[in-house]
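The structure under discussion appears below in the form of structure tokens.
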Amino acid sequence: MKITAKCYYALIASVELAGSYGKGPVRAAKIAEIHGIPVRFLELILNDLKSAEIVESKRGVDGGFSLKSLPAEIRVYDIFKAIDGELIMIDCEKVSAGECMLKEYMHGLRAVIYDYLHNTTLAELAESCRNGGNGLNYVI
10 MKITAKCYYA LIASVELAGS YGKGPVRAAK IAEIHGIPVR FLELILNDLK SAEIVESKRG
70 VDGGFSLKSL PAEIRVYDIF KAIDGELIMI DCEKVSAGEC MLKEYMHGLR AVIYDYLHNT
130 TLAELAESCR NGGNGLNYVI
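Below is the structure:
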């Protein structure tokens with residue numbers, strides 16, 4: 010599974026917004042500058058998150074983006090889904106018959122990934138980032 014740049018940037022922006030939760034909106038340009046993300050691309054991503062009701066925006070001098078819910082109420086899976094759609098590992102309708110031999114295995118793999126993303130909140134991800142990425146552990 011490869012995470013798209015769009016989804017990766019959405020996660021970065023969401024973590025930044027989680028860190029600023031309750032402190033007012035954050036401008037896309039600020040997040041883009043800190044992380045070296047093209048501003049226009051990040052604005053499109055944030056608008057996708059807005060359409061999914063994960064973030065909200067405010068116009069004007071004090072405008073920007075903020076999370077619509079508490080970081081502890083937002084699942085990392087919700088961000089993935091808002092940006093890249095449903096998690097699909099293999100579509101047997103579009104591959105050769107030989108690759109479908111792995112169908113059951115791929116469904117199991119999808120379930121593990123889905124559970125991990127669904128059971129991790131944005132608050133947990135943000136905390137892990139503050140701890141240098143050492144906060145999340147998952148054992149199969």
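The numbering of the sequence shown is my numbering, which starts it at 10 and goes up by one.
Quick reminder that beta carbons are idealized off the backbone N, C-alpha and C, glycines included.
Quantities reported herein were computed from a predicted structural model and do not represent experimental measurements.
Query                                                                                                                  : Result
Extent of the continuous alpha helix (DSSP H) run through residue 66                                                   : Element bounds for residue 66: not the alpha helix (DSSP H) but the beta strand (DSSP E), 64 to 67.
Integer-rounded CB distance, given that residue 92 should sit under 8 Å from residue 57                                : 6 Å
Residue 52, buried or exposed, once every other Cβ within 10 Å from all chains shown has been counted against 16       : buried
Beta strand (DSSP E) segments (min. 3 residues) lying fully within the stretch 64 to 94                                : 64 to 67 and 73 to 76
Span separating the alpha-carbon of residue 83 from that of residue 75                                                 : 13 Å
Buried versus exposed call for residue 73 [16 or more other C-beta atoms within 10 Å across all chains shown]          : buried
Proximity below 9 Å, CB of residue 87 to CB of residue 34                                                              : no
Close-in-space but distant-in-sequence residues of the same chain around residue 62 (CB under 6 Å, 5 per side omitted) : 77
Residue from 13, 26, 11 and 19 whose Cα sits closest to the Cα of residue 132                                          : 26
Contact set for residue 80: own chain, Cβ-Cβ below 7 Å, skip 5 residues either direction                               : 27, 30, 130, 131, 132 and 135
Nearest candidate by alpha-carbon position, reference residue 127, set 118, 89, 140 and 111                            : 89
Residue closest to residue 47, alpha-carbon to alpha-carbon, out of 59, 111, 15 and 69                                 : 15
Distance, residue 23 Cα to residue 50 Cα                                                                               : 15 Å
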